[in-house]
Amino acid sequence: MTPKTFAIPALALGAALLCHHFGLRFLRDSDQANALFEAMDMVSGNPLLRGWVTPPDNFWLIDLPGLGLLSRFTSDMRAPLYILPAIWWGGIVWAACLLVEARHTMARHGDWRKFLPVILFLGLPPLYEPGPIGFLTYTPYHVGTLFFTLIGLLTVERCLRPGSHLAAGISLGFIVGILEISDAFATCCFIVPTLVTSLWMARRGIERRAALRIAAILAASFGLVALARLVLSLAGGFHASHLTIHFMSTRQMHDHLHFSRLSLGDLFGVSLDDKKFFGPAPGKAAEALLRLAALFPVLLWLPWQTIRLLPQAFRRTTPTPFDPVTAILILGTACAGGAAIFLDFYIAGEDIIRYFLPILIYGTIAFARSGPTVGMAWLFVPAIAWTLAIFAQTWSPRPDTDRLIDPYHVAHQMDVEPLLALLDAEGLTQGYGNYWYASLTTLASQGHTTIRTVTSDSHNTDGFCALSPLAWLSQRSWYRPEALADKARIFILADLTRPFFNSGLDQSAIIASLGPPERIIPFPHPPSGNLMAIDVYPRETLLACQTLFDWPDP
């Protein structure tokens with residue numbers, strides 16, 4: 001047994017522990033709560049998620065099985081949302097090391113310094129900053145998707161080896177199928193780059209038979225996934241919502257580029273915004289500058305390699321040496337970066353950070369596979385040592401600064417414990433609210449209090465009931481009249497000022513639909529910052545609202 005045999009698993013385990021430890025400081029939101037409820041339903045006998053309406057990126061076969069299985073072994077309902085991201089990130093570090101090791105093994109170059117970029121940027125991500133914590137420790141959020149793409153790259157490399165086994169091809173088709181049906185983002189950053197690279201290799205006669213076999217596997221997977229979607233629809237499985245993506249308008253581009261820069265700076269830990277040269281860590285410029293110095297050769301190498309590869313696609317000569325996996329990584333980085341910068345995904349602020357993840361992971365692996373790292377230890381080692389020192393200083397959370405609420409300023413992550421305390425004091429356990437309060441509060445109560453998401457026509461003044469379910473990450477059975485059985489009083493979280501994120505649940509719209517409430521309970525200092533109240537109604541009043549139980553056509 002060599003030290004390398006233990007070093008790679010140890011690095012992956014250390015990265016997973018860091019992700020879990022620092023992730024405990026990050027509050028969860030309703031998107032995650034609903035995903036967990038999906039997963040729990042999935043492992044409770046509803047694998048097709050009948051009755052569910054999901055986003056376009058449904059993560060059906062990526063994150064949901066893991067969340068569901070973890071929920072069977074944890075007493076705290078929220079625990080899977082903290083454990084699974086750590087598993088994904090540890091797996092990413094492990095797969096990254098294997099991809100780097102495989103390239104250098106083929107090149108007969110076994111220097112340990114080849115792993116330095118992976119150690120710094122993936123093994124020691126800047127989790128002492130709020131931005132990376134809010135992204136890398138969040139699930140489902142494409143982190144699991146990127147883990148599966150790395151496993152896919154390992155199988156691609158195996159398929160390209162002489163005498164590759166049938167098992168490698170079957171594994172690749174299986175992984176591509178999982179990605180294609182669960183998260184369309186993988187099509188952009190992995191499936192299309194792999195298909196383009198394999199077709200180009202076949203045309204140039206580079207491992208022609210293996211390249212054609214990979215292209216055939218991808219094409220067959222597309223067909224099988226289309227058939228699986230048809231079967232899923234006919235069997236009454238979940239309905240994935242459609243999302244129309246268009247190019248970013250020039251009017252929005254300035255702000256979007258600003259948030260793109262912030263996202264990349266956060267992911268690599270090189271953001272200098274509001275950093276001081278002196279003071280307590282984190283928050284000093286030193287750690288960002290040291291990591292930036294190590295990142296600088298990567299920033300030079302990636303565009304140079306991209307520019308070098310593009311003309312070769314149209315030349316008759318074959319590049320020597322040619323590394324297909326590195327080419328896929330570079331092409332995937334370019335595709336993901338271009339999509340993140342120029343396309344509009346209807347995502348607010350720095351939440352766009354999710355689509356820059358391939359730049360961090362693929363770019364780091366591609367650079368480490370290329371070899372120049374071996375002569376740059378003097379850049380990476382100081383940054384690694386300093387980052388370890390920052391982790392040591394920030395290991396114990398500071399209550400005043402390290403409980404992260406809304407790091408991206410989109411009002412999604414909230415501390416709902418005060419709301420639960422108020423509801424418990426009033427004996428209220430069943431109600432309705434806007435999206436960002438509803439399932440999050442249900443999860444935080446461990447299922448003791450149930451709040452479902454509803455919307456309302458805020459312009460309703462005709463006296464008819466305009467409350468209706470929100471068919472987004474929700475299930476039909478949540479909105480049946482039987483859900484209100486044995487509850488004498490039902491509450492609705494009402495906004496007293498503007499509707500919270502266009503939820504339409506301002507108090508005037510609720511009263512226009514249901515009449516004056518039996519009781520209004522003030523809710524001082526709500527976490528969203530919006531003035532709110534708890535409107536209490538008799539159950540009979542809610543049962544008389546037919547639209548509340550009419551499931552909208554998805």
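Just so we're aligned, residue 1 is where the sequence shown starts under our numbering, counting upward by one.
We put the beta carbon where it would ideally sit given N, CA and C, even for glycine.
query = Does DSSP put residue 513 in a helix, a strand or coil?
reply = helix
request  = Could you tell me the boundaries of the beta strand (DSSP E) in which residue 191 lies?
outcome  = Neither: residue 191 is in no beta strand (DSSP E) and is coded neither H nor E.
inquiry  = Relative to the C-alpha of residue 75, which candidate in 447, 544, 471, 539 has its C-alpha closest?
reply    = 447
ask   = Okay, do the segment 124-133 and the segment 182-200 touch, 3+ Cβ pairs below 8 Å being the bar?
value = no
CB contact flag (residue 306, residue 341, <9 Å) = no
inquiry  = In whole angstroms, give me the CA-to-CA distance for residue 219 and residue 198.
reply    = 12 Å
query = How many angstroms separate the CA atom of residue 177 from the CA atom of residue 149?
reply = 11 Å
message = Quick check on this structure: which residue in 227, 38, 124, 206 has the alpha carbon closest to the alpha carbon of residue 21?
response = 124
request  = Let me know the secondary structure DSSP gives residue 474 once reduced to three states.
outcome  = strand
key: residue 182 - containing alpha helix (DSSP H), residue span   = 166-182
task = Report the residue from 479, 530, 485, 430 whose alpha carbon sits nearest the alpha carbon of residue 492.
result = 430
inquiry  = In this structure, how does DSSP classify residue 265 when only helix, strand and coil are distinguished?
reply    = helix
query = Where do the ends of the beta strand (DSSP E) carrying residue 521 lie?
reply = 519-523
task = Within the same chain, show all residues whose beta-carbon is closer than 6 Å to that of residue 243, passing over the 5 residues directly before and after it, in chain order.
result = 56
Straight-line gap, residue 274 to residue 513 (C-alpha atoms, nearest Å) = 48 Å
request  = Can you give me the Cβ contacts of residue 86 inside the same chain, cut-off strictly under 6 Å, excluding the 5 residues immediately before and after it?
outcome  = 16, 19, 20
message = In the DSSP output, what is residue 456 paired with across the bridge?
response = 467
ask   = Per DSSP, what kind of secondary structure is residue 270 in: helix, strand or coil?
value = coil
key: DSSP state of residue 430 mapped onto helix, strand, coil   = strand
ask   = When you compare only the Cα positions, how much space is there between residue 241 and residue 551?
value = 15 Å
Bridge partner(s) assigned by DSSP for residue 247 = 343
query = In whole angstroms, what separates the C-alpha of residue 538 from that of residue 546?
reply = 15 Å
query = DSSP three-state call for residue 54: helix, strand or coil?
reply = strand
query = Can you tell me the Cα-Cα spacing of residue 445 and residue 163, whole angstroms?
reply = 55 Å
message = Out of 495, 488, 451, which one is the CA nearest neighbour of residue 474?
response = 451
Selection from 9, 128, 213 that minimises the alpha carbon distance to residue 171 = 213
Spatial neighbours of residue 326 in its chain, beta-carbon cut-off 6 Å, leaving aside the 5 residues before and after = 366, 369
inquiry  = Starting from residue 437, trace the beta strand (DSSP E) in both directions and tell me its first and last residue.
reply    = It is not in any beta strand (DSSP E) - residue 437 instead sits in the alpha helix (DSSP H) that spans 435-444.
message = Between which residues of its own chain and residue 61 is the CB-CB distance below 6 Å, once the five residues before and five after are set aside?
response = 178, 182
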